[in-house]
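FYI, in the UniProt record's numbering the residues of the sequence shown are 1 to 290. Yeah, the Cβ is synthetic: ideal placement off N, Cα and C, and Gly gets one too.
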Amino acid sequence: MVKIPVNVRTSDEDSDLMSGTASFSDVFFRYLEDGETSSGNFCNSDDEEEENSFDVKESKAFWNSQGELLQTTLRRTSSIESRIRRATAEILREISIESTICECGTSPSGSCRNCWQREICNRLRITGLNCAVCKSKWRSSSDIPSGEHSYLEVLDNSNSRRGEVRVVIELNFRAEFEMARANEEYNKLIRRLPEVFVGKSERLWSLIKILCTAAKRCTKEKKMHLAPWRKQKYMQSKWLGRRERERAATVMVPLPVSYSDRPAKSKASMLTFDLLDNLGGLHCTAVEVV
């Protein structure tokens with residue numbers, strides 16, 4: 001005679017069986033079903049652990065892949081990019097040690113982004129580069145809000161075979177991709193970016209794709225909402241959308257001696273913090289990267 005395990009048998013079911021109100025098969029298969037359910041729970045738990053383990057491995061593979069893609073893209077360069085990069089670095093070096101004041105009179109030593117851009121633009125033009133301040137502006141759509149952005153652009157037509165080459169200069173590149181509450185993997189990618197970007201538009205497009213894909217993955221892993229201004233379409237609109245080129249104008253002049261009784265103190269804009277503090281490694285990190 002088959003006995004029901006004591007550890008799963010209840011007094012009500014025992015009484016039903018003894019009184020004849022429930023057949024033995026009803027009670028027995030009920031216990032089998034209960035056992036299968038319990039066993040299934042353990043299986044689900046194991047499956048979840050395997051899935052979590054897979055997610056960790058997949059996540060690690062993703063971030064390693066993005067890091068390699070980013071590093072490869074940053075290391076690529078061309079002769080025109082290197083030339084503009086060297087000229088930009090030299091101008092930033094000069095401005096950082098000069099006592100200057102914005103023409104708009106808002107604050108000294110390049111704290112005004114617009115004046116800072118125009119001064120760099122003017123000096124790049126003096127070196128013979130076709131540089132201009134560009135302003136992009138885009139309308140809102142179903143997935144991104146409207147916005148505008150300004151940056152520097154150099155157009156090179158020195159080689160008729162390759163045609164016109166467009167080089168973008170963004171003075172605050174790294175900060176454009178920084179994100180609050182990001183995970184360490186994303187922050188590690190951002191730390192590899194130069195503070196000042198100098199590179200062809202095609203290279204910039206590749207970087208935007210890599211970084212926006214990483215931002216999307218970061219918010220997913222952190223279970224956060226991806227802000228519309230973090231999307232690839234929004235970021236591309238800043239530098240790769242429709243734009244207007246402004247005529248360069250001199251906006252910074254030497255600070256008069258009588259401006260202050262105290263000696264003028266050299267200041268460095270936060271926009272060039274990375275370049276100026278790491279000038280020794282300029283051509284192998286912040287400059288070489290793009």
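DSSP places Gly-67 within a helical segment (H, G or I) once states are collapsed to three.
Look at Val-196 here: in three-state DSSP terms it is coil, with no helix or strand label. With a contact defined as Cβ atoms closer than 8 Å, Leu-124 and Val-154 qualify at about 7 Å.
In its chain, beyond the 5 residues on either side, Lys-135, Ser-136, Lys-137 and Trp-138 have a beta carbon closer than 8 Å to the beta carbon of Glu-148.
In summary, Glu-170 is buried, with 16 or more beta-carbon neighbours lying within 10 Å of its beta-carbon over all protein chains present.
The beta carbons of Gln-66 and Ile-210 sit closer together than 8 Å.
Residue nearest to Asn-183 within the set Glu-221, Lys-233 and Val-168 is Glu-221 (criterion: CA-CA distance).
Its chain contains Ile-190 and Leu-211 as the residues whose beta carbon lies nearer than 6 Å to that of Phe-177, once the 5 sequence neighbours on both sides are disregarded; these appear in chain order. For the pair Tyr-151 and Trp-229, the CB atoms are not nearer than the 8 Å cut-off. For the 8 Å CB-CB criterion, Val-168 and Thr-88 do not form a contact. Secondary structure at Ser-141: coil, using DSSP grouped into helix, strand and coil.
Remark: C-beta atoms of Lys-223 and Ile-144 do not approach each other more closely than 8 Å. Counting other Cβ atoms within 10 Å of its Cβ, Arg-161 stays below 16 and is therefore classed as exposed.
With fewer than 16 other Cβ atoms inside 10 Å of its own Cβ, Asp-55 counts as exposed. Closest by C-alpha distance to Ser-201, out of Glu-119, Arg-181, Met-235 and Ile-95, is Met-235. Residues Ile-91 of the same chain have their beta carbon placed closer than 6 Å to that of Ile-120, with the five preceding and five following residues left out of the count. Burial of Ala-215 is indicated by the presence of at least 16 other C-beta atoms within 10 angstroms of its C-beta. Ala-132 is bridged by DSSP to Glu-153. The Cβ-Cβ distance between Asp-156 and Asn-187 does not fall below 8 Å.
For Glu-244, the enclosing beta strand (DSSP E) has its first and last residue at 243-246. Per DSSP, the unbroken alpha helix (DSSP H) holding Glu-119 starts and ends at 113-126. If you look at Arg-166, you'll find it in the beta strand (DSSP E) that goes 165-170.
Annotated three-state conformation of Glu-202 is helix, per DSSP. Taking a C-beta distance under 8 Å as the contact criterion, Ala-61 and Glu-246 do not qualify as a contact pair. Beta-bridge annotation (DSSP): Glu-148 is paired with Lys-137. Rounded to whole angstroms, the separation of the alpha carbons of Asn-159 and Ala-175 is 33 Å.
Contact between Arg-203 and Thr-73 holds, with the beta-carbon distance rounding to 6 Å and staying under 8 Å.
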